[in-house]
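Some notes on the structure that comes next.
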Amino acid sequence: MRLALVSLVLLLATGVAANPDDDASAPGQPAAVTAESHFNQGQALARQSDWAGAEQAYREATRVRPAFPEAWNGLGHALRKRGKFEESVKAYQEALRLRPQYPQALEYLGEAYVRMGRLAEAREVLARLRPLDPKEADELAQAIAQAAQR
Numbered sequence: 259m260r261l262a263l264v265s266l267v268l269l270l271a272t273g274v275a276a277n278p279d280d281d282a283s284a285p286g287q288p289a290a291v292t293a294e295s296h297f298n299q300g301q302a303l304a305r306q307s308d309w310a311g312a313e314q315a316y317r318e319a320t321r322v323r324p325a326f327p328e329a330w331n332g333l334g335h336a337l338r339k340r341g342k343f344e345e346s347v348k349a350y351q352e353a354l355r356l357r358p359q360y361p362q363a364l365e366y367l368g369e370a371y372v373r374m375g376r377l378a379e380a381r382e383v384l385a386r387l388r389p390l391d392p393k394e395a396d397e398l399a400q401a402i403a404q405a406a407q408r
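Residue numbers (the working numbering): 259 to 408.
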């Protein structure tokens with residue numbers, strides 16, 4: 259038992275039992291750019307309203323780690339800001355497939371539907387968002403109401 263425990267500790271310490279899905283480099287190789295570093299770059303570019311750069315960084319983050327809902331949400335946001343609404347909807351849907359109760363992705367998806375004139379779908383999203391984040395839901399409801407008056 260003690261030998262097994264020592265072996266396990268050594269395996270973990272040397273990284274032999276590392277998760278093969280991790281996006282880190284193998285030992286002895288240069289550090290790989292991680293999904294998180296691409297995501298952080300996308301966040302920084304989005305803060306500067308560099309939506310094309312943010313789109314590229316978020317795409318790279320999702321390529322490196324496809325199961326990264328925040329990166330999919332960021333990609334959707336950058337695409338929406340660039341007027342690529344159909345693509346943004348697909349990115350938000352992927353974020354929500356990965357994390358169904360993701361308030362920000364729901365709110366952004368609703369906003370994309372509003373911009374596309376798909377108010378019935380925006381209202382469906384609003385119904386899902388309301389119990390998760392009433393403040394964001396109120397903002398989406400206001401956007402839907404304004405679009406309905408046009």
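All C-beta atoms in this analysis are idealised placements derived from N, C-alpha and C, irrespective of residue type, glycine included. All values derive from a computational prediction rather than experimental measurement.
Under a Cβ-count criterion, where at least 16 other Cβ atoms within 10 Å of its own Cβ denotes burial, should residue 346 be classed as buried or exposed?
buried
Tell me which same chain residues have a C-beta within less than 8 angstroms of the C-beta of residue 331, skipping the five on either side of it?
349, 350, 353, 360, 362, 363 and 366
What distance in whole Å lies between the Cβ atoms of residue 319 and residue 296, which are believed to be in contact at a cut-off of 8 angstroms?
Right, the Cβ-Cβ distance comes to about 4 angstroms (below 8 angstroms), so this counts as a contact.
In the DSSP assignment, find the alpha helix (DSSP H) that holds residue 388 and state where it starts and stops.
No alpha helix (DSSP H) contains residue 388, which DSSP labels as neither H nor E.
My parser needs the alpha helix (DSSP H) runs of 4 or more residues fully inside the segment 312-399; what are they?
327-339, 343-356, 361-373 and 377-387
Under the three-state reduction of DSSP, which class applies to residue 306: helix, strand or coil?
coil
Please state if the CB of residue 395 and the CB of residue 384 are separated by a distance shorter than 8 angstroms.
Closer than 8 angstroms, so yes.
Going by beta carbon distance, what residues of the same chain come within less than 7 angstroms of residue 344, once the five residues before and after it are set aside?
The beta carbon of residue 344 lies closer than 7 angstroms to none in the same chain, with the five residues before and after it left out.
Comparing C-alpha positions only, which one of 315, 306 and 309 sits nearest to residue 294?
315
Taking 8 angstroms as the threshold (C-beta atoms), are residue 357 and residue 327 in contact?
yes
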